[in-house]
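Participant: Okay, handing you the structure first.
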Amino acid sequence: MRRPPGWTLYLAVVAGVTAVYLQMGDAVQTLFYNGNTTLAAVIVGVCTWRRRPLGRAAWYLISAGLAAYAVGDWIWAAYEHVWHQKAPFPSLADPVYLAGSALVALGMWRLVAARGTTRGDLQDTAIVTLAVGLFTWIQILGPSWQSSTQWARLVAIAYPVCSALLLAAAFRLLLGRIGRSPASLLLVFGMTVMLISDTVYSRQVISDSYVGGLVDVGWILAYASIAAAALHSSSVRVGRPMTPPVNTLTTRRLALLLGVIAVAPLALLVPGGPSYPVFLIVWAGVLAVTAGRLTILVRRLGGKVLTDDLTGLPNRFAFGQRLQAAVSGLDQDGGHFVGVVFCDVDHFKLVNDSYGHATGDAVLQAVAQRLAASLRRGDIVARLGGDEFAILVPRANDPGVVHSVADRVHDALVAPLDVDGVGELYAAISVGVRTTNDPEALTEVLLADADMAMYRAKDAGGGRSAAFGPELREDSRRRLQLDNDLRAALDRGELHLVFQPEIEMATGSLFGVEVLSRWKHPTLGLIPPGEFIPIAEAAGLIERLFDWSLDAALRQHAEWRSEGQTVAVAVNLSASQLTDPRLVSVVHSALTRHGVTGDQLWIEVTESALAGGDAAVNALVELKQLGVNIAIDDFGTGYSSLSQLRRLPFDVLKIDRSFVADLGHAEADEKVLASIVHLAHSLNVRTVAEGVETEQQARILAALGCDIVQGFLYARPGAPGDALALVGPDGTWLGIPVPGHRQAFSPPR
518 MRRPPGWTLY LAVVAGVTAV YLQMGDAVQT LFYNGNTTLA AVIVGVCTWR
568 RRPLGRAAWY LISAGLAAYA VGDWIWAAYE HVWHQKAPFP SLADPVYLAG
618 SALVALGMWR LVAARGTTRG DLQDTAIVTL AVGLFTWIQI LGPSWQSSTQ
668 WARLVAIAYP VCSALLLAAA FRLLLGRIGR SPASLLLVFG MTVMLISDTV
718 YSRQVISDSY VGGLVDVGWI LAYASIAAAA LHSSSVRVGR PMTPPVNTLT
768 TRRLALLLGV IAVAPLALLV PGGPSYPVFL IVWAGVLAVT AGRLTILVRR
818 LGGKVLTDDL TGLPNRFAFG QRLQAAVSGL DQDGGHFVGV VFCDVDHFKL
868 VNDSYGHATG DAVLQAVAQR LAASLRRGDI VARLGGDEFA ILVPRANDPG
918 VVHSVADRVH DALVAPLDVD GVGELYAAIS VGVRTTNDPE ALTEVLLADA
968 DMAMYRAKDA GGGRSAAFGP ELREDSRRRL QLDNDLRAAL DRGELHLVFQ
1018 PEIEMATGSL FGVEVLSRWK HPTLGLIPPG EFIPIAEAAG LIERLFDWSL
1068 DAALRQHAEW RSEGQTVAVA VNLSASQLTD PRLVSVVHSA LTRHGVTGDQ
1118 LWIEVTESAL AGGDAAVNAL VELKQLGVNI AIDDFGTGYS SLSQLRRLPF
1168 DVLKIDRSFV ADLGHAEADE KVLASIVHLA HSLNVRTVAE GVETEQQARI
1218 LAALGCDIVQ GFLYARPGAP GDALALVGPD GTWLGIPVPG HRQAFSPPR
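Residue numbers (the numbering used here): 518 to 1266.
Structure (structure tokens):
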């Protein structure tokens, strides 16, 4: 059975003993009461030392304050049990108690300051403090002036005043999102009970009727609640700095504001409670301040319909209204343009996945600030939702002005973002630009056009701008059609595999075949993989496509094996699939089903897959444990680093065709290729050159020490029979001979 958390056990024990507190003898009561205060101080101090929460200086101050309370308790006990006299008022313990209240109040307000605050929150806190102060005035201040000495009056007043300040700090914590954590709620409860106990105590002292009892129970529960707050795991977050949320009129906020202003007049109903004209004047002032605050919140509630909560920018609805107004103004004086600059943060999902949604929100807030700072006078930026922003250029003399705004967006994000808890993060943005001088243009269409242009920029690699053109609309329709049709293509048997041979240069023998997917659409004809693979990834179909191609490739391998030919097959894997928890089991199941050993299967992953971090590395390690070979595809075009390469269990680097295309014409490409081959061999892996189309390219690759070649010079991707048509009985290639070099590179096993 799961053990309850420590804070609940602690509260349960304290509550259980407190339930019989009033039946205890005086000495036992004193021992338990003082022990509880001392233990609370120790718990807060030890939890702060061990957990090192954010804002730990504040927690140490709270611990010191509780320790002062404990010292005061033991002094009070000395009067009764050592000096055998009733403690006077004020006594030696009272300055120590008040010092404890000051330390706890300072700690609470340090927590408030660490989290950040807004003017509105301070106004709400002031209203609460004034209302509670009025209640204190009625209950304490008036009667205190009738006390015997001025010192007694001041001490009696100081207790509830200090508690009111503590409650104000606790209320401020309660207003924020992190303030609603269990630790903060326990702090608020403790401060509230302390205020009530201090108020009752002061009134009893003034009337010379203090006998302990329920007042002591209140203090016991207050100190225990504060200690439980430190014990709770959420205490480490109470002092976390945060961007304060925009104040809005919520039910909770309304109930708090209306509730506290009703406290003071209700106190007038207490028998013997005084009634003062000055009180009525001050209370009327509190009512006026509260009414003004509520008016602001109500107005903001109306504005919330047009404002994004996270960033404070106009939202999609507000942007649409302003865009419509700008377009409508085009027919009033012709000759100018309206522009929409559609922005999307690149790789934002990686931020959420890696650091959490709180950091993602902080990134969006920082991006919003940068975009707003980059605007020209009169331009408007809005958050449309998610990681999408849009800038309205309501008046431009020519389209070039709108494109210059897009350039300003990119310039604004050159410097890294400073994100709390993470440090510096670089953010790139893809931008789509749409301009119009047509007063009949529809705002929805303009936004959709700018969105399409943004996706063109993203498809081109991101971090750049693209302008809308009429062809994009047709491309979008085609993309939508293919998205719909691809879902049924596998079931209808429209996809098939083709095989392209890979030839070992040193021996002139067949190394293996790469398996490539092809889609023959019933009406659109052959759809190239460069078009439908990204659609499959965006539509969430890439796992199903991989499962099908892997199964079909291994089935073909089994058929070749039954014909006496053993040919390794290479299947491409999407980078996103390396984080799929079912990947290894799918590969293992397919190998088992077709009776293929792992060394006859190659999995090719693009270099960009290396950005998947530990999850990608772990997936590749598990695949290697199955005996599967790993190839890094399109090497030289992704984001890898040498440190990443050293971590990965791969067997081959496949050099991207872009480095091969200009061999014999571009000396720089030859030097880059030489470096890649040297790097691969230093890592004890072989190289495959893709896109070999001329004999000159083959000769240069052989001279550079490249191990394996693949390209149209030797064979185009074709049917299973075509792929092996030029393979001799001994596995040698019978087509155009490869210019082998003297010694083949053999990586150690």
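Every residue, glycine too, gets a C-beta built ideally from N, C-alpha and C. On a predicted model such as this, the values are computed, not experimentally measured, just so you know.
Is residue 1209 a contact residue of the ligand ADP, with contact defined as CB to any heavy atom under 6 Å?
Facilitator: Ligands in the displayed structure: none, and consequently the ligand ADP is not present.
Participant: Please name the residue in 869, 1015, 1047 and 621 whose C-alpha comes closest to that of residue 977.
Facilitator: Taking the first residue of the sequence shown as position 1, residue 977 is located at position 460. It is 1047.
Participant: Check whether the segment 1003-1014 and the segment 979-988 are in contact - that is, three or more C-beta pairs closer than 8 Å.
Facilitator: They do not touch, by the three-pair rule.
Participant: Compute the Euclidean distance between the alpha carbons of residue 870 and residue 1094, then round it to the nearest angstrom.
Facilitator: Here the question's residue 870 lines up with position 353 in the sequence shown. Here the question's residue 1094 lines up with position 577 in the sequence shown. Distance between the alpha carbons of residue 870 and residue 1094 is about 15 Å.
Participant: Determine whether the beta carbon atoms of residue 594 and residue 547 lie at a separation below 7 Å.
Facilitator: Working through the sequence shown from its first residue, we reach residue 594 at position 77. Working through the sequence shown from its first residue, we reach residue 547 at position 30. Yes, Cβ-Cβ distance for residue 594 and residue 547 is below 7 Å.
Participant: Name the DSSP beta bridge partners of residue 899, please?
Facilitator: Sequence index remark: in the sequence shown, residue 899 carries index 382 (1-based). 907, per the DSSP bridge assignment.
Participant: Ignore the nearest five residues each way along the sequence and tell me which others in residue 966's own chain have a CB closer than 6 Å to its CB.
Facilitator: The residue given as residue 966 occupies position 449 in the sequence shown. 951 and 985, listed in sequence order.
Participant: Taking residue 1089 as part of the beta strand (DSSP E), name the residues at either end of that continuous run.
Facilitator: Within the sequence shown, residue 1089 is the residue found at index 572, counting from 1. From DSSP, the beta strand (DSSP E) with residue 1089 extends over 1086-1090.
Participant: Got a sec? Which residues, its chain only, sit under 7 Å from residue 1066 by beta carbon, not counting five neighbours each side?
Facilitator: On the sequence shown, residue 1066 is found 549 positions in, with the first residue counted as 1. If we look at residue 1066 and ignore the five residues flanking it on each side, its Cβ neighbours are 1014, 1032, 1034 and 1088.
Participant: Pick out whichever of 1218, 1040, 721 and 969 has its Cα sitting closest to the Cα of residue 1186.
Facilitator: Within the sequence shown, the letter at position 669 stands for residue 1186. If we check each option's Cα against that of residue 1186, 1218 comes out closest.
Participant: Tell me the rounded alpha-carbon separation between residue 1245 and residue 1074.
Facilitator: Taking the first residue of the sequence shown as position 1, residue 1245 is located at position 728. Taking the first residue of the sequence shown as position 1, residue 1074 is located at position 557. For residue 1245 and residue 1074, the distance between alpha carbons rounds to 17 Å.
Participant: Would residue 987 be called buried (16 or more neighbouring beta carbons within 10 Å of its own) or exposed?
Facilitator: As a working mapping, residue 987 is identified with position 470 in the sequence shown. Flag for residue 987 reads exposed.
Participant: Going by C-alpha to C-alpha distance, which of 873, 861, 527 and 893 sits closest to residue 1271?
Facilitator: Since the first residue of the chain shown is 518 and the last is 1266, residue 1271 is not available in this structure.
Participant: Should the segment 1169-1189 be called in touch with the segment 1135-1145, which here means at least 3 C-beta pairs below 8 Å?
Facilitator: At 8 Å Cβ cutoff, the stretches do not touch.
Participant: So, for residue 1060: in the same chain, excluding its five sequence neighbours on each side, which residues have a beta-carbon less than 7 Å away from its beta-carbon?
Facilitator: Position 543 of the sequence shown holds residue 1060. The answer, listed in chain order, is 1094 and 1097.
Participant: What's the call for residue 1083, buried or exposed, on a 16-neighbour Cβ count within 10 Å?
Facilitator: Here the question's residue 1083 lines up with position 566 in the sequence shown. Exposed, since its Cβ has fewer than 16 Cβ neighbours within 10 Å.
Participant: Name the residue from 1136, 1025, 1149 and 1230 whose alpha carbon lies nearest to the alpha carbon of residue 1247.
Facilitator: If you number the sequence shown from 1, residue 1247 lands on position 730. Comparing Cα-Cα distances from residue 1247 to each of 1136, 1025, 1149 and 1230, the minimum goes to 1025.
Participant: Note down the Cα distance separating residue 953 from residue 972, rounded to an integer number of angstroms.
Facilitator: On the sequence shown, residue 953 is found 436 positions in, with the first residue counted as 1. On the sequence shown, residue 972 is found 455 positions in, with the first residue counted as 1. Distance between the alpha carbons of residue 953 and residue 972: 19 Å.
Participant: Which complete alpha helix (DSSP H) runs does the segment 1151-1227 hold, if anything under 4 residues is left out?
Facilitator: Runs found: 1159-1164, 1184-1199 and 1212-1221.
Participant: What runs of the alpha helix (DSSP H), each 4 residues or longer, lie entirely inside the segment 943-990?
Facilitator: If we require 4 residues or more, the alpha helix (DSSP H) runs fully inside the segment 943-990 come out as 960-976.
Participant: Put residue 1119 into one of helix, strand or coil per three-state DSSP.
Facilitator: Translated into the one-based positions of the sequence shown, residue 1119 becomes position 602. Three-state result, residue 1119: strand.
Participant: Strictly by DSSP, which residues pair up with residue 1013?
Facilitator: For the purposes of this step, residue 1013 is identified with residue 496 of the sequence shown, where counting begins at 1. Paired residues: 1035.
Participant: For the beta strand (DSSP E) containing residue 1137, list its first residue and its last residue.
Facilitator: By 1-based counting over the sequence shown, the position of residue 1137 is 620. Per DSSP, residue 1137 belongs to no beta strand (DSSP E); it is in the alpha helix (DSSP H), 1131-1142.
Participant: Rounded to whole angstroms, what is the Cα-Cα separation between residue 859 and residue 1056?
Facilitator: Within the sequence shown, numbered from 1, the residue matching residue 859 stands at position 342. Within the sequence shown, numbered from 1, the residue matching residue 1056 stands at position 539. Answer to the nearest angstrom: the Cα atoms are 22 Å apart.
Participant: What is the rounded straight-line gap between the Cα of residue 897 and the Cα of residue 910?
Facilitator: As a working mapping, residue 897 is identified with position 380 in the sequence shown. As a working mapping, residue 910 is identified with position 393 in the sequence shown. Straight-line Cα distance between these residues: approximately 7 Å.
Participant: Pick from 1174, 1181 and 1223: whose alpha carbon is nearest that of residue 1195?
Facilitator: Translated into the one-based positions of the sequence shown, residue 1195 becomes position 678. The residue with the shortest Cα to Cα distance from residue 1195 is 1223.
Participant: So, does the CB of residue 1046 fall closer than 7 Å to a CB anywhere in chain E?
Facilitator: The structure shown contains no chain E; it is built from a single protein chain.
Participant: In whole angstroms, what separates the C-alpha of residue 1231 from that of residue 1254?
Facilitator: Residue numbering aside, residue 1231 sits at position 714 when the sequence shown is read from its first letter. Residue numbering aside, residue 1254 sits at position 737 when the sequence shown is read from its first letter. Going from the Cα of residue 1231 to the Cα of residue 1254 covers about 8 Å.
Participant: Which same chain residues end up closer than 7 Å to residue 518 when comparing Cβ atoms and leaving out the 5 residues on each side of it in sequence?
Facilitator: Along the sequence shown, one-based indexing puts residue 518 at 1. Caution applies to residue 518, whose pLDDT of 45 falls short of 50 and renders its modelled position unreliable; the value that the coordinates give is listed next. Correct list: empty, nothing qualifies.
Participant: Which parts of the segment 843-876 are runs of the alpha helix (DSSP H), unbroken and 4 residues or longer, counting only runs that do not cross its ends?
Facilitator: Runs of the alpha helix (DSSP H) inside the segment 843-876: 865-872.
Participant: So, for residue 904: in the same chain, excluding its five sequence neighbours on each side, which residues have a beta-carbon less than 7 Å away from its beta-carbon?
Facilitator: Residue numbering aside, residue 904 sits at position 387 when the sequence shown is read from its first letter. Within the same chain, residue 904 has close Cβ partners 861, 862, 865 and 881.
Participant: Please report the distance separating the alpha-carbon of residue 999 from that of residue 1091.
Facilitator: Taking the first residue of the sequence shown as 1, we reach residue 999 at position 482. Taking the first residue of the sequence shown as 1, we reach residue 1091 at position 574. Answer to the nearest angstrom: the Cα atoms are 19 Å apart.
Participant: According to DSSP, is residue 1001 helix, strand or coil?
Facilitator: Along the sequence shown, one-based indexing puts residue 1001 at 484. Looking at residue 1001 - three-state DSSP - the assignment turns out to be helix.
Participant: What residue range does the alpha helix (DSSP H) around residue 543 cover?
Facilitator: Numbered from 1 along the sequence shown, position 26 holds the residue referred to as residue 543. Run containing residue 543: 543-568, per the alpha helix (DSSP H) assignment.
Participant: For residue 824, which three-state DSSP category applies?
Facilitator: The residue labelled residue 824 in the question sits at position 307 within the sequence shown. Correct three-state label for residue 824: strand.
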